[in-house]
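Input: a single structure, listed below in structure tokens.
Numbering (full-length UniProt numbering), first residue to last: 1 to 295.
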């Protein structure tokens, strides 16, 4: 049987796309990602992701292999620099967790402690990330998303003029060692790891390659300076952009439910982990899809 005939034989699934209240977000209900997804259903999912910037697939009881396979339909997967926190046998998955076993962290416990867009510190930043809930705490653990298209659309004119045509530097190590969540730590990067995360420069305002919309592309987590400006002027301008980006009207707060798979667009959003009490176990699996060079 040919590949096209095989794809055509995959049964469609009856699922709903329900927009969430607020600046971004939709939930997808009734889709089972443990089953093959045909091209028509995939096109609906892709469209929802572009339209809503973050989609929440409810109650996904999928294996790491199934998460990887679904993620790959959107593009090449990126391997995180912290190799010690990759899932054994599945380096495409970064373990995000505060759990300590035998005196060692099993995953990256303070991932997302500052607002950021995943892998903006790479020449080819992430298109999007998928995070699948494995263990959730009884309280806390929310993830916040801010709409950077809306932030740009509503940017005051003086700030627009100040940033148009400007570029900014991004660095993984910008705030790497700063502690924010109790009980979490970060391993010292080896010279090899540091070489993988050398500073890069991207436009302050990027154009989304699929929807054509402009978005702010700076974040407190990874952006270090605006190129060509004095240090104090750069710091002041970035502080104003950060504050504007995370105004309440721009934000969706995701309260995790068991087996949620959340897929967000790093070209459209920045996000933040709100944290949870350190004694409550939290574990999620993240896949990250490579995007294009920002322009």
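Glycine included, each C-beta is placed from N, C-alpha and C at the ideal position.
Could you compute how far the alpha carbon of residue i sits from the alpha carbon of residue j?
{"i": "residue 21", "j": "residue 254", "result": "11 Å"}
{"i": "residue 85", "j": "residue 157", "result": "43 Å"}
{"i": "residue 108", "j": "residue 82", "result": "8 Å"}
{"i": "residue 129", "j": "residue 265", "result": "7 Å"}
{"i": "residue 225", "j": "residue 217", "result": "12 Å"}
{"i": "residue 91", "j": "residue 45", "result": "25 Å"}
{"i": "residue 117", "j": "residue 291", "result": "12 Å"}
{"i": "residue 220", "j": "residue 11", "result": "44 Å"}
{"i": "residue 51", "j": "residue 42", "result": "14 Å"}
{"i": "residue 124", "j": "residue 78", "result": "10 Å"}
{"i": "residue 244", "j": "residue 113", "result": "19 Å"}
{"i": "residue 100", "j": "residue 149", "result": "38 Å"}
{"i": "residue 89", "j": "residue 65", "result": "10 Å"}
{"i": "residue 147", "j": "residue 131", "result": "18 Å"}
{"i": "residue 15", "j": "residue 164", "result": "41 Å"}
{"i": "residue 140", "j": "residue 134", "result": "15 Å"}
{"i": "residue 29", "j": "residue 155", "result": "34 Å"}
Measure the CB-CB distance between residue i and residue j and report whether it falls below 9 Å.
{"i": "residue 222", "j": "residue 171", "result": "yes"}
{"i": "residue 289", "j": "residue 126", "result": "yes"}
{"i": "residue 152", "j": "residue 272", "result": "no"}
{"i": "residue 96", "j": "residue 284", "result": "yes"}
{"i": "residue 57", "j": "residue 201", "result": "no"}
{"i": "residue 206", "j": "residue 277", "result": "no"}
{"i": "residue 111", "j": "residue 94", "result": "yes"}
{"i": "residue 23", "j": "residue 252", "result": "yes"}
{"i": "residue 204", "j": "residue 241", "result": "yes"}
{"i": "residue 13", "j": "residue 34", "result": "no"}
What do you get for residue i, buried or exposed, if any count of 16 or more other CB atoms within 10 angstroms of its CB means buried?
{"i": "residue 1", "result": "Note on residue 1: pLDDT 44, under 50, position unreliable in the model; the coordinate value appears next. So residue 1 counts as exposed."}
{"i": "residue 9", "result": "exposed"}
{"i": "residue 191", "result": "exposed"}
{"i": "residue 161", "result": "exposed"}
{"i": "residue 136", "result": "buried"}
{"i": "residue 67", "result": "buried"}
{"i": "residue 238", "result": "buried"}
{"i": "residue 72", "result": "exposed"}
{"i": "residue 104", "result": "exposed"}
{"i": "residue 194", "result": "exposed"}
{"i": "residue 39", "result": "exposed"}
{"i": "residue 25", "result": "buried"}
{"i": "residue 287", "result": "buried"}
{"i": "residue 231", "result": "exposed"}
Which residues does DSSP pair with residue i in a beta bridge?
{"i": "residue 19", "result": "26"}
{"i": "residue 264", "result": "54 and 129"}
{"i": "residue 203", "result": "167"}
{"i": "residue 213", "result": "According to DSSP, residue 213 bridges with nothing at all."}
{"i": "residue 296", "result": "Given a span of 1 to 295 for the chain in the structure shown, any question on residue 296 remains unanswerable."}
{"i": "residue 253", "result": "144"}
{"i": "residue 225", "result": "169"}
{"i": "residue 289", "result": "77 and 128"}
{"i": "residue 104", "result": "101"}
{"i": "residue 90", "result": "87"}
{"i": "residue 270", "result": "146"}
{"i": "residue 116", "result": "271"}
If you measure from the CB of residue i, is any heavy atom of the ligand SAM nearer than 8 Å?
{"i": "residue 27", "result": "No copy of the ligand SAM occurs in the structure displayed, which carries no ligand at all."}
Kindly say whether residue i, judged by its beta-carbon, lies nearer than 9 Å to any beta-carbon of chain C.
{"i": "residue 201", "result": "The displayed structure is made up of one protein chain only, and chain C is not part of it."}
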